[in-house]
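If you count the sequence shown from 1, position 41 lands on 41 in UniProt numbering, and the numbers rise without skipping. Beta carbons: idealized from backbone N, C-alpha and C, even for Gly. Because the structure is a prediction, the values reported are computed rather than measured.
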Amino acid sequence: MRLRRLPLAACIAAFTTLVACSETDQSPEPVAVIDDRSDPLLLTVVSSAPDQVSGGNVLLRVAASADAELAFFANGQGLSVERQLSADNDLLVLLNGLQVGANQLSVMNQAGDEVAALEIVNHPITGPMFSGPQQYPFVCSSVLEWGVQPLVDHDEAWGFPVYDETGDVAGHSKDCSIEPIVEYHYMSTDGEYYPMPADGSRPADLARTVLTDGRDVEFIVRWERGTINRFLYSYAILADTDGSRIDVNDTGTTYWNERLLYHFEGGVGVGHFQGRVSTERARLAAALAQGYAVAYSSGNRTGEHYNLELGGETALMVKEHFIKRFGEPDYTVAIGGSGGAIQQYVYQQNHPGLIDAGVPQYSYPDMVTQTIHVGDCELLEHYMDVTDRDNPKWQVTANRSLLLGFNSTDAVPDPLAAAKRELGYSSAPGSNECIPAWRGLTPLSMNPHYGQVREQDKMHPPGIMDDVKWTHYDDLRNIYGVDERGWARVPWDNVGVQYGLRALNEGAITEEEFLDMNARVGGWKHPSEMVQEGFPFLGEPTPENFDPWSRRNMNLSDGDAPAPRTRGDLQAIQALYDSGMVFDGQLNIPVIDWRHYLEEELDMHNSHQSFSARQRIENRMGNSDNQVIWFTDARPERTFDQTGQALEVLHEWVSNIKANPDAGVAGNRPASAQDACFMTDGSLIARGDDVWGGVLDDSAAGACAEVFPLYTTSRIEAGGPIEGSVFKCRLKPLDVALSDGTYRNWAPDDEQISALRDIFPDGVCDYTQADQGRPGQDGAE
């Protein structure tokens, strides 16, 4: 909803009160405070929830005329107020001067009567609002990204050094704030952005663009950057030039189509860094060309961290300040791949109203449940390469999928195959997805010694970064909690997991291979016991240092007793559910889950993940009508991106919802929002309700399922569900497993039963039951 600022003379000093609404709901109902002395005044908080205000100001909608004589107060003190009109002539007031903490807001009429009152909570622009104690040390990146020194924010000699014009240290920054930057860039006819001339003249190569409403306008972008919640944010919107000289203070929205696109980004990081900014994503040309505004934050780039409580908080704050700057969007649509897709699924679940629709690209349901099977990769690779090196079965690339589930192919060679053989290990000639896609991510997430960020060597005092524990778990220590050793709790678990169970039951591996593998596969050491990685991650490729599997950090067998498995911490698992880090299937918005089909590349964005999300949605909601799945072929290469088409379909879908809200998301689904698959040029292969038949049911393979075969994971091969969300399986006694069909036609003899009891003394996984750590289950709080 565009804003029209009233003349300065219409502004007054005062303050208003808001209405309570859900902690996460971004669409609060108007509040009426009835007072015997006056008529009630209806107020709506526009920019955020009342307890999630930040930066010292708040935008309210007031059911009053533009010339109403109202005064606004906070804690008894008059506030600075800027009055505005929305496009539909609602009175909006931007209240400035809030104190950090609780603010008792009061609205007074001309007679001095209080006509509305409410408490709001204001938080620093540096955060946090609800994500807990902030992480230090925190390395600033504004100099690296934009050449801008952060602001000095404390008197002690630690943090990121800030230099004066002579090159001397002027002080230090712990929170990395900068003053906002506003620049104007234009799109050239050569397809690149360039800075606008300072005098506002129009370059000869200035491109024009056609908006969604058909207007043909100059392609000039107002690009604002700064810091919110300590991360780098960006707002890009077509400049309100009207053919005149540009005013850098202008936040006009003449060319905005009132749609906000929030661009989330992926990657894998473990914190302690302000982050990088993708200027391509922050100034997404395809969206800006149609009139969308684009919001972006390095705090919503999972390449910096995977604390999605912090990321959700950051997105709320970034959107809040966009609204206070430009007005309330008609709707907010999200795009983003990989970790950017995860954020969409998780944030819409945890913060209803933050986004209204999404295009999760190359999706996973969430990050934390990916660690379950990815944590198996090197354990099983090590078993096949080292422990069972004399078995020729594992020298056939395709056979490795029997245990790992992922696709395997000789078309993607194992780059270390020759080195492994030379050192006396085994290897297949080709790779499975674990090698090109996931190798290195196990130490990145688990090993406290294996990590660093750019610019960390500039931090003061020297050695300040030495005590950082570079793990995903420590990055989320506010969520996981701390164990008795003072380390962040670890949820990863493989107790009772019967690796290769499906292959055993299908006769693809022998009983002896099944028993040997499960006896000797082992588990991971606690992070406090881990040591630094070897080659190919660090150091020279000497025989002693060669360790692509991170075997030095595994719990392995001494040759007699079975290798110890890893016991996940129940409190950590429960915390993941309670904090919303697990996507549990609650889908409140329409999404088009789109991906290129990349299985033959062994890309980490394996295709079954879209259906893992779908199964969770169906488990939770009874259907998956809010989710559409699209695949586009990428064989032999990625030549077409379906995102633009998805945004058009979502616009129709959201417009239907706004026009007919009682019908809900599914009831407003347009005919164009159907499951589908496409050829490399974007042309349709098939569309309809049954194109993915056979993936989640026993029906015949649908037209898309036939063209795009799916693969599994190590835990699915061990008997687990496609949802992939069981951190710590519930166990059943071995005697039960021996009689309930777990082993199909295998009737173990006494010696084999004895071996099974040694390997699984606590029992084996019962995947018909829920995760031990899921709240509401026995043993979970």
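Residue state for leucine 206 is assigned as strand, using DSSP reduced to three classes. The beta carbons of valine 121 and alanine 357 sit no closer together than 8 Å. Exposed is the label assigned to valine 736, since fewer than 16 other Cβ atoms lie within 10 Å of its Cβ. The beta carbon of methionine 465 sits closer than 7 Å to the beta carbons of Pro137, Gln456, Met459 from its chain, once the five residues preceding and following it are set aside; these are given in chain order. Look at the beta carbons and you see the stretch 433-444 touching the stretch 365-376: at least three pairs across the two are nearer than 8 Å. By the Cβ rule, the stretch 329-342 does not count as touching the stretch 622-629, because fewer than three pairs are nearer than 8 Å. Leaving aside the five residues that flank glycine 694 on each side, the residues in its chain whose CB is nearer than 8 Å to its CB run, in chain order, Ala700, Ala701, Gly702, Ala705.
Residue pairing by DSSP places aspartate 216 opposite Val210 in a beta bridge. By the 16-neighbour rule on beta-carbons within 10 angstroms, arginine 477 is buried. Only residues of its own chain outside the window of five on either side were considered, and among them Ser401, Asn432, Glu433, Glu599, Glu600, Leu602, Asn606, Tyr711 have a CB closer than 8 Å to the CB of asparagine 407, listed in chain order. Burial state of lysine 319 is buried, judged by a 10 Å Cβ sphere holding 16 or more other Cβ atoms. Closest in C-alpha terms to arginine 208, from the list Asp199, Val221, Gly200, comes Val221. A distance below 8 Å separates the beta carbons of aspartate 475 and tyrosine 306. By the CB criterion at 8 Å, proline 360 and aspartate 633 fall outside the cutoff. By the neighbour-count criterion, in which a residue is buried when 16 or more other Cβ atoms sit within 10 angstroms of its Cβ, lysine 658 is exposed. The beta carbon of alanine 289 sits closer than 6 Å to those of Thr209, all from its chain and outside the five residues before and after it, given in chain order.
When the Cα atoms are used, proline 436 and leucine 260 turn out to be separated by approximately 36 Å. Ranking His351, Pro329, Ile335, Arg325 by CA distance to the CA of threonine 314 puts His351 first. For arginine 551, the CB contacts under 6 Å within the same chain, skipping 5 residues up- and downstream, are His382 in chain order.
Here arginine 301 is near glycine 267, since their CB atoms are less than 8 Å apart. In summary, tyrosine 184 is buried, with 16 or more beta-carbon neighbours lying within 10 Å of its beta-carbon over all protein chains present. Threonine 227 is bridged by DSSP to Leu232. For tryptophan 630, the three-state secondary structure derived from DSSP is strand. Remark: C-beta atoms of asparagine 555 and glycine 523 approach each other more closely than 8 Å. DSSP places tryptophan 594 inside the beta strand (DSSP E), whose first and last residues are 591-597.
Out of Pro491, Thr742, Leu403, Ser725, the CA that lies nearest to the CA of proline 733 is found in Thr742. In summary, glutamine 110 is exposed, with fewer than 16 beta-carbon neighbours lying within 10 Å of its beta-carbon over all protein chains present. DSSP places aspartate 516 in the uninterrupted alpha helix (DSSP H) bounded by 511-520. The residues Glu224, Arg225, Gly226, in chain order, have a CB closer than 8 Å to that of proline 180 in the same chain once the five nearest residues on each side in sequence are set aside. In the structure shown, leucine 284 adopts coil according to DSSP, grouped into three states. By the Cβ-count criterion, arginine 757 is exposed, with fewer than 16 other Cβ atoms from all chains shown falling within 10 Å of its own Cβ.
Comparing alpha carbon positions, the residue from Lys420, Asp390, Ser427 closest to threonine 397 is Ser427. Using a Cβ distance threshold of 8 Å, glycine 97 and leucine 118 do not count as a contacting pair. Assignment of histidine 321 by DSSP, reduced to helix, strand and coil, places it in the helix class.
DSSP places proline 443 inside the alpha helix (DSSP H), whose first and last residues are 441-446. Between glycine 299 and phenylalanine 231, the gap from beta carbon to beta carbon is short of 8 Å.
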